[in-house]
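Residue 36 is where the sequence shown starts when you use the numbering used here, and the numbers rise one by one after that. Virtual Cβ for every residue (Gly too), placed ideally from N, Cα, C.
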Amino acid sequence: MDKINTKITDLVSNNPESASVLHFLGIHFFNYTEKTLGEVCQEHDVDAALVIRRLNESALVKDKAQINLEEYPIELIVEYLKHSHYVFIKQRLSYIASLLESYQDSSGVVKDLKLIFPHFFKDFIEHIYEEEDTLFAYILTLNKVKKHAGGKPVSKEIIEKLQQKSQGKTVADYEKEHREEDNEMSGMRELTNQYAQASSEDLHAKVILDALKSFEGELKIHAKIENDILFPKAIQLETEVLAVS
């Protein structure tokens, strides 16, 4: 496709994720639907070649296989997950919030999403920060204790501090809570009938629903990393630390 001469409408319609790339370059697709990418870039004084390169890179990143984290030390896995949290809040959800805020139609499912999403966003942020301040902090402390102990017995005082850090919970307790939690996106998924679009003519709504669906996909991958990689490693780490106490 000759992207530079393609209308923004067609570009986004063919690949809704293009709207996100344009958004972070300062171009809001819904304001320029009938203009070509080249015209919009000229209007914004943005290098069209750069925009096209970002669009192509976005497609390549989406197609790449997930990084294999199983071979990484636990502190890097935690940092990877914390970075994902940052991306979720500062990029994915902020972008969706912007899409909803700029949506003008007062009817349809997006109207309800505009009411529900702010509450979801707030609850999600609180959940993320709680996880980082409790589970992640406990795991990183366990890791520091293990490295410092060097295989020697861990003092009773340090064990008590570990228990305070974990709020009296074990990693297995955190894992059980994590697996029992409802999918954060279930409410919006049900409201939108699995992110199905009511009207094929409403491109803005299509982009919103696609962004929500993509975000849920990322959340599922994130949860799988925690369940299948982080928790087993953390349980083993906890066992090793407490075994030498």
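{"query": "Where the alpha helix (DSSP H) containing glutamate 192 begins and where it ends", "result": "191–200"}
{"query": "With 16 other Cβ atoms within 10 Å as the buried cut-off, status of isoleucine 116", "result": "According to the sequence provided, residue 116 is leucine. The question's isoleucine does not apply to it. Leucine 116 comes out buried."}
{"query": "Collapsed DSSP secondary structure at glutamate 52 in the structure displayed", "result": "coil"}
{"query": "Through-space distance from asparagine 66 to threonine 227, alpha-carbon basis", "result": "25 angstroms"}
{"query": "Rounded straight-line distance, which links the Cα of aspartate 82 to that of serine 48", "result": "22 angstroms"}
{"query": "Same chain, Cβ closer than 6 angstroms to lysine 268, five either side skipped, listed in chain order", "result": "Ile109"}
{"query": "Cβ contact (3+ pairs, closer than 8 angstroms) linking the region 182–194 and the region 213–223", "result": "no"}
{"query": "Close beta carbons around lysine 99, own chain, < 7 angstroms, minus the five adjacent residues each side", "result": "Unreliable positioning characterises lysine 99 in this predicted model, as indicated by a pLDDT of 48, which lies under 50. The coordinate reading is nonetheless provided below. Correct list: empty, nothing qualifies."}
{"query": "As assigned by DSSP and simplified to three states, the class of threonine 68", "result": "coil"}
{"query": "With 16 other Cβ atoms within 10 Å as the buried cut-off, status of serine 53", "result": "buried"}
{"query": "Residue span of the alpha helix (DSSP H) that contains lysine 181, given as start and end", "result": "172–184"}
{"query": "Separation of leucine 277 from valine 145, as counted between CA atoms", "result": "51 angstroms"}
{"query": "For lysine 268, the residue or residues it bridges with in DSSP", "result": "None; lysine 268 has no bridge partner."}
{"query": "Meets three-Cβ-pair contact criterion under 8 angstroms: the region 160–174 and the region 196–212", "result": "yes"}
{"query": "Contacting residues, own chain, Cβ-Cβ under 8 angstroms from lysine 181 (five flanking each side not counted)", "result": "Leu272, Glu275 and Val276"}
{"query": "Residue nearest to glutamate 167 in terms of C-alpha spacing, selected from Ile112, Glu106 and Gly185", "result": "Ile112"}
{"query": "Whether leucine 104 touches valine 86 by CB criterion (8 angstroms)", "result": "no"}
{"query": "Heavy atom of the ligand FMN within 7 angstroms of serine 235 beta-carbon", "result": "This structure does not include the ligand FMN; it has no bound ligands of any sort."}
{"query": "Classification of phenylalanine 266 by the beta-carbon crowding that lies within 10 angstroms, buried from 16 upward", "result": "buried"}
{"query": "Cut-off 7 angstroms between Cβ atoms - residues of its own chain near aspartate 263, not counting five sequence neighbours on either side", "result": "none"}
{"query": "With 16 other Cβ atoms within 10 Å as the buried cut-off, status of glutamate 210", "result": "buried"}
{"query": "Whole-number beta carbon distance between threonine 169 and glutamine 139, since they are thought to touch under 8 angstroms", "result": "The pair is not a contact, with the Cβ atoms about 41 angstroms apart (cut-off 8 angstroms)."}
{"query": "Residue range of the unbroken alpha helix (DSSP H) whose run includes tyrosine 6", "result": "With the chain covering only 36 through 280, there is no way to say anything about residue 6."}
{"query": "Serine 55 vs tyrosine 130 beta-carbon contact at 8 angstroms", "result": "yes"}
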